[in-house]
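Input: a single structure, listed below in structure tokens.
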Amino acid sequence: MKNPPTFARRLQFTSPVRWLLPVLLLLLFLSVLFWLPWQARQMESNERQEQLIADTLWVEQTIRFQLARNEESLFNLGADIAKGMLPASSVHERLQQMLRNGRELQRVIWLDTEGQVRASSDHTLSQDTHFSPLSLTAGDNARRLHRGQYAQPAQQSGFPDAPPGTMLMDYHQPLYNGQHYIGSLVATYQVSSLLDEMVPWWFAQDNQISLIDRDDKILARRAAAGPGHGVYTHKRALDVPGANITLFTDSVKSQPKLLPNLLVGSVIALSLGLLWSLLALWRHISRRLTAEGALRQQMLFRTAMENSLVTGMRARDLEGRVTYVNPAFCQMVGYTSEEILGRLPPMPYWAPEAMDEYQQRFVKALAGNATPQFETHFQRPDGTRVPVLIFEAPLVDKNGKQTGWMGSVLDISDRKRVEELNRQQQEKLQTSSRLATMGELASMLAHELNQPLAAISSYTTGALNLIKRASDSGQPVQPNTLKPALEQASAQAQRAGQIIRSVHDFVRKSEPQRQDVDIRTLVDGIRALIDLQARKFYVTILEELPPELPLLHADPVMIEQVLLNLTRNAIEAMQDAAPGRRIMRLRASYDARQEMVTVDVIDQGHGIPADVAERLFSPFFSTKAEGMGMGLNICRTAIEFHGGALTFGANPAGGTIFTFSVPAVPRAAGNSQHLHA
Amino acid sequence: MLHIIDDEEVVRDSLSWLAASRSIEARSYASGQQFLDSLDGTFDEQGDCVLLDVRMPDMNGIALFDQLVKRDLTARLPVIFLTGHGDVPMAVDSLKRGAFDFFEKPFNDNDLMDRVQQGLANSRQAGELAAVHARLATLSTREREVLDLILAGKMNKVVADKLGISMRTVEVHRAHIFDKMQVKTAVELAGLLK
Numbered sequence: 112m113k114n115p116p117t118f119a120r121r122l123q124f125t126s127p128v129r130w131l132l133p134v135l136l137l138l139l140f141l142s143v144l145f146w147l148p149w150q151a152r153q154m155e156s157n158e159r160q161e162q163l164i165a166d167t168l169w170v171e172q173t174i175r176f177q178l179a180r181n182e183e184s185l186f187n188l189g190a191d192i193a194k195g196m197l198p199a200s201s202v203h204e205r206l207q208q209m210l211r212n213g214r215e216l217q218r219v220i221w222l223d224t225e226g227q228v229r230a231s232s233d234h235t236l237s238q239d240t241h242f243s244p245l246s247l248t249a250g251d252n253a254r255r256l257h258r259g260q261y262a263q264p265a266q267q268s269g270f271p272d273a274p275p276g277t278m279l280m281d282y283h284q285p286l287y288n289g290q291h292y293i294g295s296l297v298a299t300y301q302v303s304s305l306l307d308e309m310v311p312w313w314f315a316q317d318n319q320i321s322l323i324d325r326d327d328k329i330l331a332r333r334a335a336a337g338p339g340h341g342v343y344t345h346k347r348a349l350d351v352p353g354a355n356i357t358l359f360t361d362s363v364k365s366q367p368k369l370l371p372n373l374l375v376g377s378v379i380a381l382s383l384g385l386l387w388s389l390l391a392l393w394r395h396i397s398r399r400l401t402a403e404g405a406l407r408q409q410m411l412f413r414t415a416m417e418n419s420l421v422t423g424m425r426a427r428d429l430e431g432r433v434t435y436v437n438p439a440f441c442q443m444v445g446y447t448s449e450e451i452l453g454r455l456p457p458m459p460y461w462a463p464e465a466m467d468e469y470q471q472r473f474v475k476a477l478a479g480n481a482t483p484q485f486e487t488h489f490q491r492p493d494g495t496r497v498p499v500l501i502f503e504a505p506l507v508d509k510n511g512k513q514t515g516w517m518g519s520v521l522d523i524s525d526r527k528r529v530e531e532l533n534r535q536q537q538e539k540l541q542t543s544s545r546l547a548t549m550g551e552l553a554s555m556l557a558h559e560l561n562q563p564l565a566a567i568s569s570y571t572t573g574a575l576n577l578i579k580r581a582s583d584s585g586q587p588v589q590p591n592t593l594k595p596a597l598e599q600a601s602a603q604a605q606r607a608g609q610i611i612r613s614v615h616d617f618v619r620k621s622e623p624q625r626q627d628v629d630i631r632t633l634v635d636g637i638r639a640l641i642d643l644q645a646r647k648f649y650v651t652i653l654e655e656l657p658p659e660l661p662l663l664h665a666d667p668v669m670i671e672q673v674l675l676n677l678t679r680n681a682i683e684a685m686q687d688a689a690p691g692r693r694i695m696r697l698r699a700s701y702d703a704r705q706e707m708v709t710v711d712v713i714d715q716g717h718g719i720p721a722d723v724a725e726r727l728f729s730p731f732f733s734t735k736a737e738g739m740g741m742g743l744n745i746c747r748t749a750i751e752f753h754g755g756a757l758t759f760g761a762n763p764a765g766g767t768i769f770t771f772s773v774p775a776v777p778r779a780a781g782n783s784q785h786l787h788a
Numbered sequence: 094m095l096h097i098i099d100d101e102e103v104v105r106d107s108l109s110w111l112a113a114s115r116s117i118e119a120r121s122y123a124s125g126q127q128f129l130d131s132l133d134g135t136f137d138e139q140g141d142c143v144l145l146d147v148r149m150p151d152m153n154g155i156a157l158f159d160q161l162v163k164r165d166l167t168a169r170l171p172v173i174f175l176t177g178h179g180d181v182p183m184a185v186d187s188l189k190r191g192a193f194d195f196f197e198k199p200f201n202d203n204d205l206m207d208r209v210q211q212g213l214a215n216s217r218q219a220g221e222l223a224a225v226h227a228r229l230a231t232l233s234t235r236e237r238e239v240l241d242l243i244l245a246g247k248m249n250k251v252v253a254d255k256l257g258i259s260m261r262t263v264e265v266h267r268a269h270i271f272d273k274m275q276v277k278t279a280v281e282l283a284g285l286l287k
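Protein sequences appear in the order of chains U and B.
Numbering follows our numbering, with no gaps: position 421 of the first sequence is 532.
Numbering follows our numbering, with no gaps: position 17 of the second sequence is 110.
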């Protein structure tokens, strides 16, 4: 069996390549899957960072702007004080107003040149200023530079309403009247208030905002939404003269997490799933390949087995369609499997003469009861017949449902030949023994009859001689001289008659042993013998024996002999006929008027020429080389013993019809006396 | 004399009757042995003939014929075989060995009798020949020489000259020869020894 080169089969030869491509694709797919979320995260991260920077800048600007406004207020106030137009009470008024405007301001005081408090935003004018060293330094710097200066934030005392440890930052605004220093305005910021007041809530909500000094020491912190995660941070120096403060924002947002995690999670899960399924697929495929290999091996083995079988195999489905044949079967019938497969009966190898037989069997098989074993013959394309023995068995699938019929077909030509040889041998033996018996009988009969006949002849010749001699000499014949001879002749004639009678008596002694038998039982009994003959010449036998026939009142053995003889003649008459015409029919009918059962043996053979027909029943007449010429004679004698008749006539369809009749058992009596042979 | 040898009495009887109707003297024997026993060295002057059935119990026709051949009697006793169906090859064989004839049953009776008469004639001649030979055998050597010359037609004188004996002696021999050969004249002698 040839396998067409399939795609899968081609791939099998390039196994590494087959795996390389999907693996590469998978890797690419996975890397893209991993890279995309990473990239997205990266982009989001950048975006957030930029947002943070922008917001931080904005906050810084806000703080700076507020500080600048306060600086300006103080400068204006300073300018007014310097002009000397303002009384201390109105300064206090203005300072208080300033404090109200800027809640980040803890305190604003007006110091004179001696450092005494001239006015304060507080209600009470306390002299207790408690400036930190850093603040004092800033004050000095401011005076010297003629410009406002911030002091580095530090803890200060003197602020009872401020929480302890509060970082405070002083702004010193020196006041000059011309070039003359006339005092300072000192504004004290609570550093934490800077953040609390000036950072908008929405920013504070997302970020931890700190103000740190040069040493990263935290001056103030606002962490409304908890501590920052240190992922998105930005530092921005606050541009405040004299002080070194940096705004540090730290987003509470951690790395962008949820979505990427989901993505990565799903990617990993999917990848794992993919890998698993791929592995499963690979294992499945390898299992399938193994199974396929085993199957192919099995298949090859089976094919080899089927091919080497000498038994023909034929499978048919339930409709009789041929679904499988093996080479041995094809060889047997001489057709290729293409010519047979898928065919419905009639099959090309059916012999025409046995068509009915096949059809009957086929119909039986369709009905569900196939003949399990039978012999038949098939026809090859060249017309030769091949005798076969067929075993038929139902073909059952794994569910126990019958799907068709499986037949093993044995070519039994050899067996048939041996059988035939045996049969011929047997026949020869029988013939020769029969010949010997017949010869002996004939010779004995001849000898027995010869003596009296010869004697009679001699006596009469002698008597004639005497009469002649007497007439020659003119003397009358003496009756006494002739008498003994004639008496003797008569006696011998009597003796001859006696011999004949004794033979007759001998034959008559084998009176038929009559029984009531069914003609079909008789035919069945010798059917095997007839079949044996028929198969030799590929003759098909058709029986037309109606079951309603009455029983015969006859000697079964004799009728069997007659049937055997007639069928044998019929079969042999057809040995040179065309194969399709080799059909012998056995037909029985009831002649009610004569109360006889009539049996016809009908052949389609060479027929009987007129000259042969005349002598057909004569003893020792035969058209066969090895025939004794007694067959038909004996048949007729046997039938006539029964009170019947044996006749023959030409078959209108060609060939001959031999007909014999045998008395039937009267209907009423027959039923009770039926012997089951 | 016709000798009928058959185990069947009816055959012997009918053949005897037939022979009688042709004026042939016949004698019948029920077996071969009976016939052999009857042989005493003498023969019928009218000649003998044997009708022999091939199939007989005890000693069959062929065995009897073998005996006759052995005794060198077939010339004096011409044998006619009567055979049944199937005995022909055997009969032909015996014919080659000196049997006179064979008849297959059933046979034409008068034909058989004709052959019997020929057989009798042959037997008669054989008997005469045997007698002449027997007489010749009695002649002395000298008498044979004289006989030969006489048969050659020589006169007594010529014979005497040839044999270197006297005329008288020749005449004595001649008288002896005639005497022994039971003839009276030379012509008769020549006819006998033809």
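In this text, a Cβ means the ideal position worked out from N, Cα and C, and glycines have one as well.
These figures come from a predicted structure and were not determined experimentally.
| said: Please list, in chain order, the residues of the stretch 577 to 593 of chain U that have any C-beta partner in chain B closer than 8 Å. | reply: Legend: CB atoms of the stretch 577 to 593 of chain U lying less than 8 Å from CB atoms of chain B belong to residues 577 and 580.
| field | chain U contacts made by the stretch 112 to 141 of chain B, where a contact means CB separation under 9 Å | value | Against chain U - using a Cβ distance shorter than 9 Å - the residues of the stretch 112 to 141 of chain B are 112, 113, 114, 115 and 116.
| said: If you reduce the DSSP assignment to three classes, tell me which class residue 655 of chain U lands in. | reply: Three-state DSSP puts residue 655 of chain U in a strand.
| field | Three-state secondary structure assigned by DSSP to residue 112 of chain U | value | Any reading at residue 112 of chain U needs caution, since the residue's pLDDT is 45, under 50, leaving its predicted position unreliable; the model's value is listed next. Secondary structure of residue 112 of chain U (DSSP, three-state): coil.
| Buried or exposed: which applies to residue 443 of chain U, given that a residue is buried once 16 or more other Cβ atoms fall within 10 Å of its Cβ? | With 16 or more Cβ atoms within 10 Å of its Cβ, residue 443 of chain U is classed as buried.
| query | Relative to chain B, which residues along the stretch 558 to 569 of chain U have a C-beta separation below 9 Å, given in chain order? | reply | Here the close residues are 558, 561, 562, 563, 564, 565, 566, 567, 568 and 569.
| field | Under 8 Å from the C-beta of residue 106 of chain B: neighbouring residues of chain U | value | Those are 566 and 599, listed as they occur along chain U.
| field | Residue range of the unbroken beta strand (DSSP E) whose run includes residue 313 of chain U | value | Where residue 313 of chain U is concerned, there is no enclosing beta strand (DSSP E), although the alpha helix (DSSP H) it sits in stretches over 312 to 317.
| query | Excluding five sequence neighbours on each side, which residues of the same chain lie with their C-beta closer than 6 Å to the C-beta of residue 417 of chain U? | reply | Short of 6 Å from the beta carbon of residue 417 of chain U, and not among the five residues preceding or following it, lie these beta carbons of its own chain, in chain order: 437.
| query | Going by the beta-carbon positions, is the gap between residue 439 of chain U and residue 414 of chain U smaller than 8 Å? | reply | No, Cβ-Cβ distance for residue 439 of chain U and residue 414 of chain U is not below 8 Å.
| request: Compute the Euclidean distance between the alpha carbons of residue 177 of chain U and residue 263 of chain U, then round it to the nearest angstrom. | output: Rounded to whole angstroms, residue 177 of chain U to residue 263 of chain U spans 18 Å at the Cα level.
| With respect to the beta strand (DSSP E) encompassing residue 345 of chain U, which residues constitute its N-terminal and C-terminal limits? | For residue 345 of chain U, the enclosing beta strand (DSSP E) has its first and last residue at 344 to 349.
| field | Continuous alpha helix (DSSP H) assignments of at least 4 residues falling wholly in the stretch 417 to 478 of chain U | value | Correct list: 438 to 444, 448 to 451 and 466 to 477.
| message | Please return the same chain residues whose Cβ sits closer than 6 Å to the Cβ of residue 514 of chain U, not counting the five positions on each side in sequence. | response | Annotation for residue 514 of chain U: 506 and 508 place their beta carbon closer than 6 Å to its own, counting only its chain and skipping 5 residues before and after.
| query | Looking only at C-alpha atoms, which of U:307, U:379, U:662 and U:753 sits nearest to residue 140 of chain U? | reply | Looking at the Cα atoms, U:379 is the closest of the given residues.
| request: Check whether the Cβ atoms of residue 283 of chain U and residue 267 of chain U lie closer than 8 Å to each other. | output: With a cutoff of 8 Å on beta-carbon distance, residue 283 of chain U and residue 267 of chain U are scored as not near each other.
| How big is the Cα-Cα spacing for residue 425 of chain U and residue 452 of chain U? | About 10 Å.
| Can at least three beta-carbon pairs, one atom from the stretch 316 to 323 of chain U and one from the stretch 206 to 223 of chain U, be found at a separation below 8 Å? | Because the criterion of three Cβ pairs below 8 Å is not met, the stretch 316 to 323 of chain U and the stretch 206 to 223 of chain U do not touch.
| request: Answer with buried or exposed for residue 629 of chain U, where buried requires no fewer than 16 other C-beta atoms within 10 angstroms of its C-beta. | output: Burial call: buried.
| Looking at the unbroken beta strand (DSSP E) that takes in residue 332 of chain U, where does it start and where does it end? | Where residue 332 of chain U is concerned, the enclosing beta strand (DSSP E) starts and stops at 329 to 333.
| said: For residue 286 of chain U, list the residues DSSP reports as bridge partners. | reply: U:294, per the DSSP bridge assignment.
| query | In angstroms, rounded to a whole number, what distance separates the CA positions of residue 292 of chain U and residue 209 of chain U? | reply | So the two alpha carbons sit approximately 23 Å from each other.
| message | Taking the straight line between their C-alpha atoms, what separation do you get for residue 217 of chain U and residue 361 of chain U? | response | Going from the Cα of residue 217 of chain U to the Cα of residue 361 of chain U covers about 27 Å.
| request: Please confirm whether residue 697 of chain U and residue 768 of chain U have their CB atoms less than 8 Å apart. | output: Pairing residue 697 of chain U with residue 768 of chain U gives a Cβ-Cβ distance that is not under 8 Å.
| field | Continuous beta strand (DSSP E) stretch holding residue 754 of chain U: start and end | value | For residue 754 of chain U, there is no enclosing beta strand (DSSP E), since its DSSP letter is neither H nor E.
| field | 6 Å CB neighbourhood of residue 145 of chain B in its chain, flanking five on each side removed | value | Shown here for residue 145 of chain B: same chain residues with a beta carbon closer than 6 Å to its own, the five before and five after excluded, namely 98, 154, 172 and 174 in chain order.
| query | Name the chain U residues that come within less than 7 Å of residue 236 of chain B, Cβ to Cβ? | reply | Within chain U, no residue comes near residue 236 of chain B; the closest Cβ sits about 48 Å away, beyond 7 Å.
| task | Taking a Cβ distance cut-off of 7 Å, strictly less, list which residues of the stretch 141 to 154 of chain B are near chain U, in chain order. | result | Answer set for the stretch 141 to 154 of chain B: empty.
| residue 203 of chain U classed as buried or exposed, judged by whether at least 16 other C-beta atoms fall within 10 angstroms | Residue 203 of chain U comes out buried.
| field | Cut-off 7 Å between Cβ atoms - residues of its own chain near residue 682 of chain U, not counting five sequence neighbours on either side | value | Closer than 7 Å at Cβ, skipping near neighbours: 644, 645, 648, 650 and 695.
| request: Return the CA-CA distance between residue 702 of chain U and residue 755 of chain U, expressed in angstroms with no decimal places. | output: The straight-line gap from Cα to Cα measures roughly 12 Å.
| the stretch 216 to 228 of chain B contacting the stretch 185 to 192 of chain B, beta-carbon criterion three pairs below 8 Å | No: the two stretches stay apart, fewer than three of their Cβ pairs being nearer than 8 Å.
| request: Compute the distance between the beta-carbons of residue 148 of chain B and residue 177 of chain B, then report whether it is under 8 Å. | output: By the CB criterion at 8 Å, residue 148 of chain B and residue 177 of chain B fall inside the cutoff.
| query | What residues in its chain sit with their C-beta under 8 Å from that of residue 185 of chain U, if we drop five residues either side in the sequence? | reply | Taking residue 185 of chain U as the centre and dropping the five residues before and after it, the same chain places the C-beta of 209, 219, 259, 282, 284, 296 and 298 closer than 8 Å to its C-beta, in chain order.
| said: Closer than 8 Å is the cut-off here; do at least three beta carbon pairs connect the stretch 129 to 137 of chain B with the stretch 595 to 612 of chain U? | reply: Counting Cβ pairs under 8 Å, fewer than three are found: no touch.
| said: What does the Cβ neighbour count give for residue 301 of chain U, buried or exposed, with the cut at 16 atoms within 10 Å? | reply: By the neighbour-count rule (16 or more Cβ atoms within 10 Å), residue 301 of chain U is buried.
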